[in-house]
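One structure below.
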Ligand SMILES: [Zn+2]
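Here it is as structure tokens:
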């Protein structure tokens with residue numbers, strides 16, 4: 034089995050810094066060309082000699098397979114305790130660079146949403162202009178499919194689909210409570226159901242792209258509520274897939290009477306935000322924005338964009 038022969042690079046900072054040291058110190062700490070609005074969330078780039086297309090890179094609980102030369106592969110996990118982004122770029126010459134999110138200070142498991150670090154005062158959704166970009170964006174309409182048969186038993190297929198369509202529209206039509214007009218050119222079209230699965234392997238790994246944008250429910254690493262993968266060519270996003278974890282978590286579309294379930298639209302809006310080019314923001318500093326890190330059960334707070342989310346999309350589309 035091909036998978037078992039892949040060299041795996043797990044975790045962590047030890048492995049990472051060892052390889053980095055061997056590389057003679059290339060580009061660590063360099064901000065990714067996509068730039069970020071705050072230094073704390075800049076991507077850290079590190080050359081990884083010895084990695085080849087098809088190898089698996091796992092860092093911070095996110096895994097992606099190294100793409101073929103000229104391409105990039107990115108993954109974003111949403112965990113109950115927060116969210117992480119990892120990218121791998123293969124140069125035309127076969128050189129591999131790994132991008133990981135810089136430390137988002139104040140982020141931590143169990144951090145109560147809305148709690149404030151000393152000296153930092155969170156802004157409201159309509160006054161917080163912060164955003165951070167992954168460095169890639171769509172140059173085309175996002176034509177997407179839903180594996181309807183993957184819908185978990187606690188919700189209907191039609192409810193799941195409408196929540197996913199709403200999530201996509203929340204981004205492309207900048208659904209917000211701030212009175213901000215939709216001047217964002219991002220566009221998507223639901224193409225129909227599919228029997229194909231998202232290209233996301235067991236244990237939450239972005240596998241090889243297949244040219245089709247698929248959303249499904251299915252198995253992920255137990256800590257992941259949701260997982261998004263996107264693949265790039267230069268700074269253009271060419272494909273994205275997303276999975277919501279129906280093995281370890283229960284899902285809701287209508288939140289009346291909700292206990293311990295996660296809103297499909299809420300988690301999907303945040304995850305799709307990544308695939309459109311937005312990165313996570315510190316929860317404590319930006320709790321009211323959709324791209325803040327933490328997801329809570331039975332809430333739809335992320336379904337309406339804040340000022341920073343809209344500004345980020347406007348910067349790209
Ligand atoms: Zn995230």
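Numbering (the numbering used here), first residue to last: 34 to 350.
C-beta: ideal position from N, C-alpha, C; glycine also.
Quick caveat, the model's predicted, so the values are computed rather than measured.
Got a sec? Which residues, its chain only, sit under 7 Å from residue i by beta carbon, not counting five neighbours each side?
{"i": "residue 125", "result": "102, 103"}
{"i": "residue 243", "result": "232"}
Using only the alpha-carbon positions, how far apart do residue i and residue j sit?
{"i": "residue 260", "j": "residue 212", "result": "30 Å"}
{"i": "residue 207", "j": "residue 197", "result": "15 Å"}
{"i": "residue 216", "j": "residue 277", "result": "29 Å"}
{"i": "residue 179", "j": "residue 241", "result": "18 Å"}
{"i": "residue 189", "j": "residue 295", "result": "15 Å"}
{"i": "residue 181", "j": "residue 324", "result": "26 Å"}
{"i": "residue 155", "j": "residue 116", "result": "19 Å"}
{"i": "residue 258", "j": "residue 133", "result": "20 Å"}
{"i": "residue 226", "j": "residue 186", "result": "17 Å"}
Smallest Cα separation from residue i: which of the options?
{"i": "residue 91", "options": "118, 348, 225, 196", "result": "118"}
{"i": "residue 333", "options": "231, 209, 345", "result": "209"}
{"i": "residue 287", "options": "245, 157, 77, 192", "result": "192"}
{"i": "residue 238", "options": "305, 275, 226", "result": "275"}
{"i": "residue 249", "options": "218, 93, 284", "result": "284"}
{"i": "residue 267", "options": "172, 185, 154, 214", "result": "172"}
{"i": "residue 83", "options": "94, 134, 123, 281", "result": "123"}
Take residue i and list the residues in its own chain whose beta-carbon comes closer than 8 Å to its own, dropping the five residues that flank it on each side.
{"i": "residue 68", "result": "Low confidence applies here, because residue 68 scores a pLDDT of 33, under 50, leaving its location unreliable and the question unanswered by this model."}
{"i": "residue 235", "result": "252"}
{"i": "residue 326", "result": "115, 116, 137, 140, 313, 314, 315, 316"}
Can you list, in chain order, the residues of its chain with a C-beta nearer than 6 Å to that of residue i? Leave out the 5 residues immediately preceding and following it.
{"i": "residue 176", "result": "222, 224"}
{"i": "residue 263", "result": "107, 270, 273, 308"}
{"i": "residue 349", "result": "170, 310"}
{"i": "residue 331", "result": "288, 291"}
{"i": "residue 121", "result": "90, 97, 99, 106, 131"}
Does the beta carbon of residue i come closer than 8 Å to any beta carbon on chain D?
{"i": "residue 298", "result": "Among the chains in the structure shown there is no chain D, since it carries only a single protein chain."}
Residue j and residue i - do their beta-carbons sit closer together than 8 Å?
{"i": "residue 220", "j": "residue 338", "result": "no"}
{"i": "residue 89", "j": "residue 96", "result": "yes"}
{"i": "residue 300", "j": "residue 111", "result": "yes"}
{"i": "residue 316", "j": "residue 200", "result": "no"}
{"i": "residue 265", "j": "residue 302", "result": "no"}
{"i": "residue 346", "j": "residue 158", "result": "no"}
{"i": "residue 161", "j": "residue 305", "result": "no"}
{"i": "residue 314", "j": "residue 78", "result": "no"}
{"i": "residue 94", "j": "residue 280", "result": "no"}
Handout entry: Start-end ranges of the beta strand (DSSP E) lying completely within the segment 151-227, minimum 3 residues
Key = 175-179, 221-226
Problem - Whole alpha helix (DSSP H) elements within the segment 235-323, 4-residue minimum - result: 297-308
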